[in-house]
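If you read the protein sequences in the order shown, they are chains A and B.
The numbers in our numbering rise by one with no breaks, and the one at position 81 of the first sequence is 81.
Count along the second sequence from 1, then add 1000; that gives the number in our numbering.
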Amino acid sequence: MGKVGSAKRIEVAKVEDLAVGVGKRVELQDEKIALFRLNDDRVHAVQNSCPHKQGPLSEGIVSGDHVFCPLHDWKIDVTDGMVQAPDEGCVKRYDVEVENGTVYIVK
Amino acid sequence: MMREKLVLIGNGMAGIRTLEEIMKIDKDRFEITVFGEEPYPNYNRIMLSKVLQGDTSVDDIVLNDYVWYAENQIELHTGDPVVKVDTKKQVVYSENGIKRPYDKLIFATGSNPFMLPLPGADKEGVIAFRNIKDTETMIEAAKSYKKAAVIGGGLLGLEAARGLLNLNMEVDVIHISDYLMERQLDAQSGKMLRQELESQGMNFLLEKNTDSIVGNKRVEGLRFKDGTSIDADLVVMAVGIKPNIDLAKKSGLKAERAILVDDYMQTSAKNVYAVGECAEHRGIAYGLVAPLYEQGKVLAEHICAEEPSTVPGYQGSVVYTQLKVSGVDVFSAGKFVDGENTKAIRVHDEFEGVYKKVVVEGDKVVGAILFGDTSDSPRLLQMMRDGQDVSEMDKVAILPSEAEGGSKESPVVAMADSEIICGCNGVSKGAICSAITDQGLSTVEEVKQCTNASRSCGGCKPLVADLLELTTGAEVANAKEPMCGCTDHSHEEVVEQIRELGLSHRREVMNVLGWESDEGCSKCRPAINYYLKMVDPINNEDDHTSRFVNERLHANINHNGTFTVVPRMYGGVTNADQLRKIADVAEKYEVPLLKVTGGQRIDLFGVEKEDLPNVWEDLGMRSGSAYAKALRTVKTCVGEQFCRFGTQDSIGLGIELEKKFEYINTPHKVKMAVSACPRNCAESGIKDFGVVGVDGGWELYVGGNGGVDLRGGDLFVKVETKEEIIDTISAFMQYYRENARYLERTSHFIERVGLDHMKKVILEDEQGRKALIERMEVALSTGKDPWKEIVDSEEKKKELFEKKSVEV
Ligand SMILES: Cc1cc2nc3c(=O)[nH]c(=O)nc-3n(C[C@H](O)[C@H](O)[C@H](O)COP(=O)(O)OP(=O)(O)OC[C@H]3O[C@@H](n4cnc5c(N)ncnc54)[C@H](O)[C@@H]3O)c2cc1C
Ligand code: SF4
Ligand code: FES
């Protein structure tokens, strides 16, 4: 696994703990993160706070690569953190690595 | 090269259409300048009715946006009327001091609404209905005022009245004649129209002559010549229009009712033309877009022709009118009044509420009125335009929809290519069909862009859709409302396919129906999930990933990501034990707010997500479904148990209802109430199902709504026993479950299908009612308390509620 410089891998979950289509909340100290296991078992992580009014994205409906914010239905691509039109903005995304069924966030 | 200078006064529908026609013929011929008094680009005035009725927004009715002017290098001055024209020097001057010379000048100044010169007509709150500003004024007024009066029971007045009703105002329509739309209808159809609109909630004051408008600064009411009066805090005058010809007259153009023009729209001044409502041709100033567009076309051809006299002139138009009020089909054209030399074919079906009258003079159709079923209108219009000899035709050929089963086939099938589909824009069937095939069009929107058909009043959209279907053989998306952006299929079609093909999973539905996105979106996913379970409650599984968070986690999400817990209290009745438990839980989990709800129970606000299962377990109460598209609560009054007025056991019936229907999924939330007497302490009049105890029985009200769209429930039936109430609700709710669109409240559903229809299927059809109740029982058998299910399942708790905290 190409660890670059001082990047550090933090174990956050087992893949089997993540249900497809249901976000999982993870707290790394003060950082609130939403983990998503997509249909094809890719795992992605974004900040658990919608750029609109901080809605918890982990509670949104997940469809394909997107999550729909539970508060006002903004649509966000969890793979790159981009808010989809007609709304605008982006949410912080995290690099995720999966190895032997363990999910790591790379920082 | 110096281009000729063309100046247009009036940035409205007729003027801009004329420019479009000119540029179609020769894009670069003129250097064009447009002056418009209104501060907008050209918009679709007709659609103001629809804006007022809430069907569309001001932004959506722009016909030519600013980009269009720029792209076509048209110099546009909005909010700047022309105030002076010098026809000798050929120069116009605007209010803001802009001066432009012209080689050709077009007047397209439209009309002004006619305001009755009544005492008090200058008070605040007295307006007309002509432009965006008027529309916005009405929408704004509806926010703070309740009572509207519309003066004028013609087309415009009725469309305004319908809009004001949609804005939750009470509406009185004052009309001078003894029936509505007397310029388009006869007494019979006028009466039918009145009945229909009364059932929609309009109140009519016929044969009333307004004497004055009373009030201080703002209008407070109307006084009539007969001494009576009414209250009103908004008055809309819709009594007619007056061609806007002040500027033309000042400039020395000859005018009578409007600016006089010849067959080429030339006025009395050299190089000056007039088009639209401000023009009078052979004694007629038209007030509908179809003739104005015809004029625009003639004018364009004339202005661009090398040899002007070679093009045929304008010959006048056959006009027709349609009322744009949803649920009412009215069509009228030509000479519809019986005369000495006329005979009429009349069809009057009181059961269906249909009336048709076709007036024949000699051997030709000269006029028609259609009420309730207007499918014959294109054909009749064509007969009138062509002056077709009908002496040898039988009745069915003149009114094909009266033929056995004839109404099922779209009227476009039988039309000749030359027949006009879009009356406003004069687009024929042939023109649309060839555009579809030549340019490979597949949606109504594309046809509109390409041919102008359905670009104005939109009334012909269904016909255009039929043509698309006919021509391409494909199902057409735009005729109906697609479920969401992922598909062209409507809700109804999806349900039909689920039933017919026995689909059982959302992926299957999306696959089979060709969804455009892999996994759907937040609109279609919950809808499909609902439909699957509704169609087969026993075998189809609920997919909680398709549910909105509240229904997945069985609590209401708050703005800060915490949740609200609402335990069930049947009929709003509680006891010391429940209250103690709630108190204990509130302390233990430090619940920030406890509040008594409108639904007669107690909310625990601000619970953390991970605590939810424990809170439920500690409460030991059942879920109140306060978050669900399901039965919420049954509000009850105290009734005979203690109240001195109550003669019925409202609490008992309420609890019974709540227990029976507590976990049934419905298209949208459902609320109920039971009051034991007409004082109605439980507010049964604004619930989906509201029961009121009366002497010797119960009344059931349906379709009430106390929320965004305030609506009083309709009295559905009066029965003697509780059992009958329960059965009726059961059948009604099942019919609603099966036929409403997902997220359609009962109030909207009833408005869509009609109360009479509901009475027919629930009260009159004994067989059908029994079957509905049976299907409801099947669905009810699958209802479970969701809290208990989660409390009992470690797996679910972990999947749904766990939060991971990681030390770094
Ligand atoms: C609510 C409503 C519903 C309607 N429904 C229908 C329908 O269903 N079917 C139908 O066929 N018709 C309908 N009509 C009528 C239709 O909208 C008109 O016939 C049509 O808009 C007239 O076009 P016009 O260009 O002649 O006038 P307008 O569209 O009124 O355009 C004239 C423009 O000229 C501007 N102007 C005036 N004087 C000056 C000046 N001195 N300098 C610069 N600008 C000036 C005005 O401000 C206005 O913007 C409806 C009208 C209304 C108000
Ligand atoms: S609705 Fe009638 S019976 Fe019920 S509490 Fe009110 S007054 Fe008493
Ligand atoms: S907070 Fe996410 S859409 Fe508003």
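Glycine included, every Cβ here is placed at the ideal spot set by N, Cα and C.
All figures in this text were calculated on a predicted structure; none of them were measured in a lab.
Between the alpha carbons of H1748(B) and P70(A) lies a gap of roughly 25 Å. Residues of the segment 18 to 30 of chain A with a C-beta less than 8 Å from any C-beta of chain B: A19, V20, G21, V22, K24, R25, V26, E27, L28 and Q29, listed in chain order. In this structure, N1244(B) has its beta carbon less than 7 Å from a heavy atom of ligand 1. Under the Cβ criterion of 8 Å, C1521(B) is counted among the residues facing chain A. Of the other Cβ atoms in all chains shown, 16 or more fall within 10 Å of the Cβ of D1488(B); this residue is therefore buried. In this structure, K1595(B) is the residue among E1807(B), K1595(B), V1337(B) and L1019(B) with its C-alpha nearest to the C-alpha of F1605(B). A contact between stretches requires three or more CB pairs, one per stretch, nearer than 8 Å, and the segment 89 to 102 of chain A fails this requirement with the segment 1069 to 1083 of chain B.
A distance below 7 Å between beta-carbons, with the five flanking residues on each side excluded, links E1744(B) to the following residues of its chain, in chain order: P1667 and H1668. Within 7 Å of the CB of L1513(B), no CB atom of chain A is found; the nearest one sits about 16 Å away. Straight across, the Cα-Cα distance linking R1507(B) with G1514(B) is about 10 Å. If the five residues before and after V1670(B) are omitted, its C-beta is found closer than 6 Å to the C-beta atoms of L1631 and D1688, all from its own chain and listed in chain order. If the five residues before and after K1335(B) are omitted, its C-beta is found closer than 8 Å to the C-beta atoms of T1342, V1359, E1361, V1366 and G1367, all from its own chain and listed in chain order.
A direct Cα-to-Cα measurement between K1147(B) and A1274(B) gives close to 40 Å.
The beta carbon of K1588(B) sits closer than 8 Å to those of D1618, all from its chain and outside the five residues before and after it, given in chain order. By the criterion of at least three beta-carbon pairs nearer than 8 Å, the segment 1264 to 1281 of chain B is not in contact with the segment 1037 to 1052 of chain B. According to DSSP, L1205(B) shares a beta bridge with I1174(B). Taking the CA atoms as reference points, A1628(B) sits about 37 Å from E1445(B). DSSP, read as helix, strand or coil, puts L1185(B) in coil. The beta carbon of G1252(B) is closer than 7 Å to those of T1087 and A1269 in its chain, skipping five residues each way along the sequence. Interface residue (Cβ-Cβ distance to chain B less than 8 Å): D95(A) is not classified as such.
Annotation for M1013(B) indicates a beta carbon within 7 Å of some heavy atom of ligand 1.
The shortest C-alpha to C-alpha distance from D1103(B) to any of D1059(B), T1033(B), I1230(B) and I1345(B) is the one to T1033(B). I1303(B) does not reach chain A, its nearest Cβ partner there being about 41 Å away, counting only Cβ pairs nearer than 8 Å. Nearest in C-alpha terms to R1029(B), of all of C1304(B), A1290(B), K1143(B) and R1183(B), is C1304(B).
Checking the 7 Å criterion, the Cβ of L1292(B) is within range of a heavy atom belonging to ligand 1.
Exclusion of the five residues before and after I1345(B) leaves K1356, K1357, V1358, V1360, K1395, I1398 and L1399 as the residues of its chain whose Cβ lies within less than 8 Å of its Cβ. Distance from the CA atom of G1598(B) to the CA atom of T1374(B), rounded to whole angstroms, is 46 Å. In the three-state reduction of the DSSP assignment, H1077(B) falls in the strand class. The beta carbon of K53(A) sits closer than 8 Å to those of L71 and H72, all from its chain and outside the five residues before and after it, given in chain order. Beta-carbon to beta-carbon, V1808(B) and Q47(A) are separated by about 16 Å, too far to satisfy the 8 Å threshold. Using a C-beta cut-off of 8 Å, the segment 1203 to 1211 of chain B makes contact with the segment 1169 to 1176 of chain B, since at least three inter-stretch Cβ pairs fall below that distance.
Checking the 7 Å criterion, the Cβ of I1420(B) is out of range of every heavy atom belonging to ligand 1.
Cβ neighbours of G101(A) within its own chain (closer than 7 Å, five residues either side excluded): K14, V15 and E16.
For M1237(B), the uninterrupted beta strand (DSSP E) segment begins and ends at L1234 to M1237. Residue pairing of A1160(B) in beta bridges, as defined by DSSP: absent, with no partner found. In terms of CA proximity to I1127(B), I1213(B) leads the group I1213(B), G1485(B), G1316(B) and S1625(B).
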